[in-house]
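Read the structure below first, then the notes.
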Amino acid sequence: MPKNITIIGAGIVGIATASYLRRDGHEVTVVDMRPPGEYTSFGNAGILSPGSCVPQALPGVLSKVPGYLSDPLGPLAIRPAHFIKALPWFLRLVLASRRSRVEQIADALRPLLQQTFEAYAPLVEHAKVSDLIRQTGYTVAYSSRAAFERDALPWQLRRERGVLIEELDRDGIAEKVPQLGNGYEVGLFLPEQGFVRNPERLTKALATRLQQDGGRILQRKVLDIEIGPDGPRALVTDAGNLAVETLIICAGSHSNEFTAKFGDKVPLEAERGYHVTYSDPSVTLPMPVFLPQYKVFVTPMEMGLRIAGQSEFAGNGAEPNYGRADVLEKQMQQIFPGISGVDATKWMGRRPSMPDSLPVIGPASRLPNVYYAFGHGHIGLCGGAPSGRALADLIAGRTPTVDLQPFRVTRF
Ligand SMILES: Cc1cc2nc3c(=O)[nH]c(=O)nc-3n(C[C@H](O)[C@H](O)[C@H](O)COP(=O)(O)OP(=O)(O)OC[C@H]3O[C@@H](n4cnc5c(N)ncnc54)[C@H](O)[C@@H]3O)c2cc1C
1213 MPKNITIIGA GIVGIATASY LRRDGHEVTV VDMRPPGEYT SFGNAGILSP
1263 GSCVPQALPG VLSKVPGYLS DPLGPLAIRP AHFIKALPWF LRLVLASRRS
1313 RVEQIADALR PLLQQTFEAY APLVEHAKVS DLIRQTGYTV AYSSRAAFER
1363 DALPWQLRRE RGVLIEELDR DGIAEKVPQL GNGYEVGLFL PEQGFVRNPE
1413 RLTKALATRL QQDGGRILQR KVLDIEIGPD GPRALVTDAG NLAVETLIIC
1463 AGSHSNEFTA KFGDKVPLEA ERGYHVTYSD PSVTLPMPVF LPQYKVFVTP
1513 MEMGLRIAGQ SEFAGNGAEP NYGRADVLEK QMQQIFPGIS GVDATKWMGR
1563 RPSMPDSLPV IGPASRLPNV YYAFGHGHIG LCGGAPSGRA LADLIAGRTP
1613 TVDLQPFRVT RF
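This note's numbering applies: residue 1213 is where the sequence shown begins, and numbers increase by one.
Right, here's the structure in full:
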């Protein structure tokens, strides 16, 4: 039975979800104050990684934080004014870093992300943008064997869940990515991974196709939600009220502003990250590379080479601190000495991050006709299409091909 479904959020998660629902014949309206793909889904590193099943917090996380925070070129920053507010979230993160919990999280994420390429395929084919997706694999380059050995656990967790990982020596790294030079002692090649050549164009192309297929996209800010005895009745927007029947929250790092109205308190932080994109044609790469010493990905986008990384906790509303992007610029000069930054562009985005690195996918806890798909943190591009497909299955009464229990909103 086709339903009338409204989605708040036109990022990759909202648009992929809308696309799958429209394929099922539902009437779909997406509401966003910005054009599709112009918030966090705009400028990520583009990595599609079926193997990214390892949570952000691993055993021993606490011992690493002081080192990261005291290093001005380090990957982590917490604004003092935000620290107290975010403290409960950090405590949950530490709780989630226990070995037994880490294993459970990896068990939950792997089947979801394993579907990444397969779940995007019908959407990009239909939108005629299959060229945006490349399954080249990616290379990880460690400067020393000692650094590689310190990272043994995350690679073990991936291998135990069937992720293909090939170890490379200096010559192997040079063969895969000659542009990296010979300053790296140990490398890894993950052949099943890949990337999107332009994440913004991907979201926009799927959104355009959705509209051609009869879906609606309304550019409005949602200010409030009117709730009746049977669930949500209307969205209160800056352009008047909009009646709703079934509602899905895909509002990225703002999603908890809405779930709270439905009685679902969700620990969600805007984990801010940055990118710098270089148009210098003298450095191109055959595939993305990950540099663990900086915790950055460098990805060959269609608009140039993009370095992306950094984790900054300052709240949703704080102004960007482009000093964090300057850190990325310094690192880029170390990785590719002499790369021209003449036309380099800088960007900040807000990862919708849950303390246990698991998104929320599934029904609201109390109200009927309300569903959630948000909180994908570092893996929202990978997880967008699989999450959208799972939610469409759920709404259609089909059994999702992924177990959604670990992603339930009531887990906290
Ligand atoms: C530097 C960086 C690198 C990253 N690299 C990768 C990567 O390589 N691979 C990967 O898988 N993921 C990566 N990510 C994470 C990924 O980008 C996010 O998880 C993903 O974009 C989240 O998508 P989303 O649709 O949930 O949220 P968003 O793209 O943030 O979309 C949410 C939408 O909700 C709208 N909205 C919010 N509030 C309202 C309101 N009141 N009214 C109307 N609309 C509203 C916003 O305008 C926005 O358009 C990276 C993130 C960053 C910052």
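Cβ coordinates follow ideal geometry from the N, Cα and C atoms, glycine included.
Legend entry - CA-to-CA distance, ASN1581 to ILE1224, given in whole angstroms: Position 12 of the sequence shown holds residue 1224. Position 369 of the sequence shown holds residue 1581. Approximately 22 Å between the Cα atoms of the pair.
Inset, instruction - Within 10 angstroms of the Cβ of ARG1421, are there 16 or more other Cβ atoms? Answer buried if so, exposed if not. - result: As a first step, residue 1421 must be located in the sequence shown, where it is residue number 209. Around the C-beta of ARG1421, 16 or more other C-beta atoms lie within 10 Å, and the residue is accordingly described as buried.
Inset, instruction - Indicate whether THR1415 and ARG1432 have their beta-carbon atoms separated by less than 9 Å. - result: Locating residue 1415 in the sequence shown gives position 203, where the first residue counts as 1. Locating residue 1432 in the sequence shown gives position 220, where the first residue counts as 1. Cβ distance not < 9 Å, so THR1415 and ARG1432 don't count as in contact.
Legend entry - Exposure label - GLN1424; buried when at least 16 CB within 10 Å: Counting from one through the sequence shown, the residue named residue 1424 turns up at place 212. By the 10 Å Cβ count, GLN1424 comes out exposed.
Inset, instruction - Would you kindly check if the distance between the Cβ of ALA1308 and the Cβ of PRO1567 is under 9 Å? - result: Taking the sequence shown and counting its residues from 1, one reaches residue 1567 at position 355. Taking the sequence shown and counting its residues from 1, one reaches residue 1308 at position 96. Yes; because the gap between Cβ atoms is below 9 Å, this pair is in contact.
Inset, instruction - Compare the Cα-Cα distances from HIS1487 to each of PRO1248, THR1241, ASN1256 and ASP1283 and report the closest residue. - result: Numbered from its first residue, the sequence shown carries residue 1487 at position 275. Out of PRO1248, THR1241, ASN1256 and ASP1283, ASN1256 has the C-alpha closest to the C-alpha of HIS1487.
Inset, instruction - Determine contact between the segment 1225–1236 and the segment 1454–1471, defined as no fewer than three beta-carbon pairs at a distance below 8 Å. - result: yes
Inset, instruction - May I have the straight-line CA-CA distance separating GLU1438 from CYS1594, to the nearest angstrom? - result: By one-based count along the sequence shown, residue 1438 stands at place 226. By one-based count along the sequence shown, residue 1594 stands at place 382. Straight-line Cα distance between these residues: approximately 33 Å.
Legend entry - Nonlocal neighbours in the same chain, by C-beta distance under 8 Å from ARG1310, ignoring five residues either side: Sequence index remark: in the sequence shown, residue 1310 carries index 98 (1-based). Closer than 8 Å at Cβ, skipping near neighbours: PRO1271.
Legend entry - Check: LEU1593 C-beta below 8 Å from any heavy atom of ligand 1: On the sequence shown, position 381 is the one that residue 1593 refers to. Yes, the Cβ of LEU1593 comes within 8 Å of a heavy atom of ligand 1.
Inset, instruction - Give the straight-line distance between the Cα atoms of THR1458 and SER1264, rounded to the nearest whole angstrom. - result: Taking the first residue of the sequence shown as position 1, residue 1458 is located at position 246. Taking the first residue of the sequence shown as position 1, residue 1264 is located at position 52. Those two C-alpha atoms are separated by around 32 Å.
Inset, instruction - Report back the beta-carbon spacing between GLU1397 and TYR1354 to the nearest angstrom; my notes put them in contact at under 8 Å. - result: Within the sequence shown, the letter at position 185 stands for residue 1397. Within the sequence shown, the letter at position 142 stands for residue 1354. Taking a contact as a CB-CB distance under 8 Å, the pair GLU1397 and TYR1354 counts as one, their CB atoms being some 6 Å apart.
Legend entry - The beta strand (DSSP E) enclosing GLN1423, as first and last residue numbers: For the purposes of this step, residue 1423 is taken as residue 211 along the sequence shown, with counting starting at 1. No beta strand (DSSP E) holds GLN1423; the alpha helix (DSSP H) holding it covers 1411–1424.
Inset, instruction - Within the segment 1420–1493, note down every full alpha helix (DSSP H) run reaching 4 residues or more, in order along the chain. - result: For the segment 1420–1493, whole alpha helix (DSSP H) runs of length 4 or above, ordered along the chain, are 1467–1471.
Legend entry - Close Cβ partners of THR1167 (< 6 Å) along its chain, the five nearest in sequence each way excluded: The chain is shown only over 1213 to 1624; residue 1167 falls outside these bounds and no answer can be derived.
Inset, instruction - Kindly confirm or deny that the segment 1489–1505 and the segment 1525–1532 touch, where touching means at least three C-beta pairs closer than 8 Å. - result: no
Inset, instruction - Within 10 angstroms of the Cβ of ASN1468, are there 16 or more other Cβ atoms? Answer buried if so, exposed if not. - result: By 1-based counting over the sequence shown, the position of residue 1468 is 256. Per the 10 Å Cβ criterion, buried.
Inset, instruction - Going by CA-CA distance only, name the one from GLN1327, VAL1375 and ASP1363 that's closest to TYR1350. - result: If you number the sequence shown from 1, residue 1350 lands on position 138. With respect to the C-alpha of TYR1350, the residue from GLN1327, VAL1375 and ASP1363 having the closest C-alpha is VAL1375.
Inset, instruction - May I ask which residues mark the beginning and end of the beta strand (DSSP E) holding LYS1558? - result: For the purposes of this step, residue 1558 is taken as the residue at position 346 of the sequence shown. Looking at the DSSP string, the run of the beta strand (DSSP E) that includes LYS1558 is 1557–1565.
Inset, instruction - Apply the 10 Å Cβ neighbour rule to ILE1591 and answer buried if 16 or more other Cβ atoms are within range, or exposed otherwise. - result: For the purposes of this step, residue 1591 is taken as the residue at position 379 of the sequence shown. By the 10 Å Cβ count, ILE1591 comes out buried.
Inset, instruction - Compute every distance between the C-beta of GLU1404 and the non-hydrogen atoms of ligand 1, then say whether any falls below 8 Å. - result: Against the sequence shown, residue 1404 aligns to sequence position 192. Flag unset: Cβ of GLU1404 not near ligand 1.
Inset, instruction - Assign GLN1326 to buried or exposed, taking buried as 16 or more other Cβ atoms, counted over all protein chains shown, within 10 Å of its Cβ. - result: By 1-based counting over the sequence shown, the position of residue 1326 is 114. Its Cβ being crowded by 16 or more others within 10 Å, GLN1326 is buried.
Inset, instruction - Taking only the alpha-carbon atoms, compute the straight-line gap between GLY1589 and ALA1293 and give it to the nearest angstrom. - result: Here residue 1589 corresponds to residue number 377 of the sequence shown, with the count starting at 1. Here residue 1293 corresponds to residue number 81 of the sequence shown, with the count starting at 1. Cα to Cα, the separation comes out at about 22 Å.
Inset, instruction - Give the secondary structure of GLN1522 by DSSP, where H, G and I count as helix, E and B as strand, and everything else as coil. - result: The sequence position of residue 1522 within the sequence shown is 310, counting from 1. Strand, per DSSP.
Legend entry - Sub-9 Å separation of ASP1236 and ALA1585 beta-carbons: As a working mapping, residue 1236 is identified with position 24 in the sequence shown. As a working mapping, residue 1585 is identified with position 373 in the sequence shown. The answer is no: Cβ separation not under 9 Å.
Legend entry - Proximity to LEU1365 [Cα-Cα], best of LEU1324, PRO1334, ALA1269 and GLN1391: Locating residue 1365 in the sequence shown gives position 153, where the first residue counts as 1. Answer by Cα proximity: ALA1269.
Inset, instruction - Can you give me the start and stop residues for the beta strand (DSSP E) that ASP1244 sits inside? - result: Position 32 of the sequence shown, counted from the start, is the residue given in the question as residue 1244. Segment 1239–1244, the beta strand (DSSP E) holding ASP1244.
Legend entry - Those runs of the beta strand (DSSP E) which lie wholly inside the segment 1240–1303 and span at least 3 residues: 1288–1290
Inset, instruction - Return helix, strand or coil for LEU1402, following the three-state DSSP convention. - result: Position 190 of the sequence shown, counting from 1, holds the residue named residue 1402. In the structure shown, LEU1402 sits in a strand (DSSP, three-state: E or B).
Inset, instruction - Starting from PHE1619, follow the beta strand (DSSP E) in both directions and report where the run begins and ends. - result: Here residue 1619 refers to the residue found at position 407 of the sequence shown. Where PHE1619 is concerned, there is no enclosing beta strand (DSSP E), given that its DSSP letter is neither H nor E.
Legend entry - Simplified DSSP state of PRO1575, which is helix, strand or coil: Within the sequence shown, numbered from 1, the residue matching residue 1575 stands at position 363. PRO1575 falls in the strand class under three-state DSSP.
Legend entry - Residue span of the beta strand (DSSP E) that contains MET1213, given as start and end: Your numbering for residue 1213 matches position 1 in the sequence shown. Here MET1213 belongs to no beta strand (DSSP E), and DSSP marks it neither H nor E.
Inset, instruction - Excluding the 5 residues preceding and the 5 following ARG1234 in the sequence, name in chain order all residues of the same chain whose CB lies nearer than 8 Å to its CB. - result: By one-based count along the sequence shown, residue 1234 stands at place 22. The answer, listed in chain order, is VAL1240, LEU1422, ASP1425, GLY1426 and GLY1427.
Inset, instruction - Compute every distance between the C-beta of ASN1256 and the non-hydrogen atoms of ligand 1, then say whether any falls below 8 Å. - result: Taking the first residue of the sequence shown as 1, we reach residue 1256 at position 44. ASN1256: yes, Cβ under 8 Å from ligand 1.
Inset, instruction - May I ask you to check if the CB of GLN1522 is nearer than 8 Å to at least one heavy atom of ligand 1? - result: The count along the sequence shown starts at 1 and reaches residue 1522 at position 310. Yes, ligand 1 has a heavy atom inside 8 Å of this Cβ.
Legend entry - C-alpha gap between MET1515 and ARG1382, whole angstroms: As a position in the sequence shown, residue 1515 is number 303, starting the count at 1. As a position in the sequence shown, residue 1382 is number 170, starting the count at 1. Roughly 29 Å separates the two Cα atoms.
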